[in-house]
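Using our numbering, the first residue of the sequence shown is number 61, and each one after it goes up by one.
Note that beta-carbon positions come from the ideal geometry of N, C-alpha and C, so glycine has one too.
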Amino acid sequence: MTSRELCARCLVKMDTREGYSNLVLDAALKESKLEGRDKAFASLLFYGVLERRITLDACIAPLCTTKLKKLAPAVRAVLEMAVYELLYTQTPAAAAVSPAVDTVRALGQPKAAGLVNGVLRSFLRTECKIPVPSSPQSARLSVENSVAEPLARLLVKSYGTAEAEKFLQSCHGAAPVFLRANPTRTTTEKLVEALEAEGVAAHTTDIPGCLVLAEGTGGDLRRLAAFEQGLFHVQDAASQLCVLALDPKPHQSVLDVCAAPGGKTFSAAGLMQNSGRIVAQDLHPQRAKLIA
């Protein structure tokens, strides 16, 4: 299975609501025999398509004789992946179109090969231009930034077009990866040193116990000795602030009602020095399993 086939299959699972994006992709990558570079490419495509889907569909819809909702999920996914490559990566045209045709065939949709080829060739003839509406401003912002138009309209109404545009543009790109040091086993300073010894660059932040990975570093953090030793877990900075605002103390009782996947629970346990009682639960059984 190629990286594009894996990505397309994962996107189809998302369309049929078979799981959360990170879990769907992680499971597929673990089962695959792809090398590290191919896994990284599959991840780039998968999350890229999910992030830019409104923009991608706006490019595809005018060029497709079939309404997008009526396309087989695999065909739509392949088209979105190829258009994403053409718009947002350095992939040459031939290296995006030909593999897309091969991928749709490999996914059991050989009759759609001509459609995929035709739509992508037509898109190339537009010089890969995004068909952006001139008005209203909310429609333009929706297509350019791949957000639902009602949200774009609300932002424009609340903050004005210029500020709304700045905000939406800031939402794109790779998000920084934050780590939470386990205070029962290490300090932030010692964790920085431990990570550096394993070739991972991280820096302290203004948030106590919080580190941020240097841009371009990381990889599979679960393979690090520091992770296996329980020195840290991955947790977004905003989520860490929630726990610090709660300020749980040793011997207290804490109820985490929306606990999955467990980051805030673990952070609270660390601040409580593993002394006290935490009840962690989640509304969805599948999500609750992630806590353990």
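- [ ] Would you kindly check if the distance between the Cβ of CYS270 and the Cβ of PHE238 is under 8 Å?
- [x] yes
TODO: Between the Cα of ALA132 and those of GLY323, ALA173, ALA241 and PRO152, spot the shortest distance and give me the residue it belongs to.
DONE: ALA173
Open item on the list: Quick check: GLY330 and PRO310, are their CB atoms within less than 8 Å of each other?
Closed with: no
- [ ] Label SER195 either buried or exposed according to how many other C-beta atoms from any shown protein chain fall within 10 Å of its C-beta, with 16 as the threshold for buried.
- [x] exposed
Task: Residue span of the beta strand (DSSP E) that contains ILE338, given as start and end - done: 337 to 340
Open item on the list: Give me the residue from PHE287, LEU281, LEU215 and GLN341 with the minimum Cα distance to SER322.
Closed with: The amino acid occupying residue 322 in the given sequence is Gly; Ser does not appear at that position. Cα-wise, what sits closest to GLY322 is GLN341.
- [ ] Quick one: using the 10 Å Cβ neighbour count with 16 as the cut-off for buried, is VAL252 buried or exposed?
- [x] buried
Open item on the list: Pop quiz: LEU105 and TYR144 are said to be a contact at Cβ under 8 Å. What is the actual Cβ separation, rounded to whole angstroms?
Closed with: 6 Å
- [ ] Out of GLN300, GLY220, LEU255 and GLN333, point me to the one whose CA is closest to SER313's CA.
- [x] GLN333
- [ ] Evaluate contact between the region 193 to 213 and the region 167 to 184, counting only Cβ atoms and requiring at least three cross-stretch pairs below 8 Å.
- [x] no
Open item on the list: Can you confirm whether the region 159 to 167 touches the region 96 to 114 when touching is taken to mean that 3 or more C-beta pairs between the two stretches lie within less than 8 Å?
Closed with: no
Open item on the list: Tell me the DSSP secondary structure of ALA305 in three-state form.
Closed with: helix
Open item on the list: Please classify PRO159 as buried or exposed, where buried requires at least 16 other C-beta atoms within 10 Å of its C-beta.
Closed with: buried
- [ ] Provide the residue span of the beta strand (DSSP E) that contains VAL314, from first to last.
- [x] 313 to 316
Task: Opening and closing residue of the alpha helix (DSSP H) in which LEU139 lies - done: 133 to 148
Open item on the list: If distances are taken between C-alpha atoms only, which option among SER218, ILE120 and TYR148 comes closest to ARG185?
Closed with: ILE120
Open item on the list: Rounded to whole angstroms, what is the Cα-Cα separation between GLU111 and CYS231?
Closed with: 10 Å
- [ ] Using alpha carbons as the reference points, say which of GLY108, CYS70 and PHE287 lies closest to GLU91.
- [x] CYS70
Task: Cβ-based neighbour list, ASP296, same chain, cut-off 6 Å, excluding 5 preceding and 5 following - done: PHE238
Task: Length of the line joining the Cα atoms of LEU306 and GLU256 - done: 31 Å
Task: Outcome for VAL339 when other beta-carbon atoms lying within 10 angstroms are tallied against a minimum of 16 - done: exposed
- [ ] Label LYS324 either buried or exposed according to how many other C-beta atoms from any shown protein chain fall within 10 Å of its C-beta, with 16 as the threshold for buried.
- [x] buried
TODO: Please state if the CB of ARG113 and the CB of SER206 are separated by a distance shorter than 8 Å.
DONE: yes
Task: Closer than 7 Å: LEU284 CB and nearest the ligand SAH heavy atom - done: For the structure depicted, the ligand SAH is absent and the ligand set is empty, with no information on it obtainable.
Task: Distance between beta carbons of ALA142 and LEU180, contact taken as under 8 Å - done: 5 Å
Task: Straight-line Cα distance separating VAL109 from ALA348 - done: 27 Å
TODO: Report the option in GLN197, THR115 and ALA156 whose CA atom is closest to the CA atom of ARG64.
DONE: ALA156
Task: Neighbour flag for LYS226 against chain B, beta carbons, 8 Å - done: Checking the listed chains, one finds no chain B in this structure; it contains a single protein chain.
Task: Proximity winner among PRO243, THR149 and VAL192, relative to GLY233 (alpha-carbon distances) - done: THR149
Task: Residue range of the unbroken beta strand (DSSP E) whose run includes LEU239 - done: 238 to 241
Open item on the list: Helix, strand or coil for ALA156? Go by DSSP, reduced to three states.
Closed with: helix
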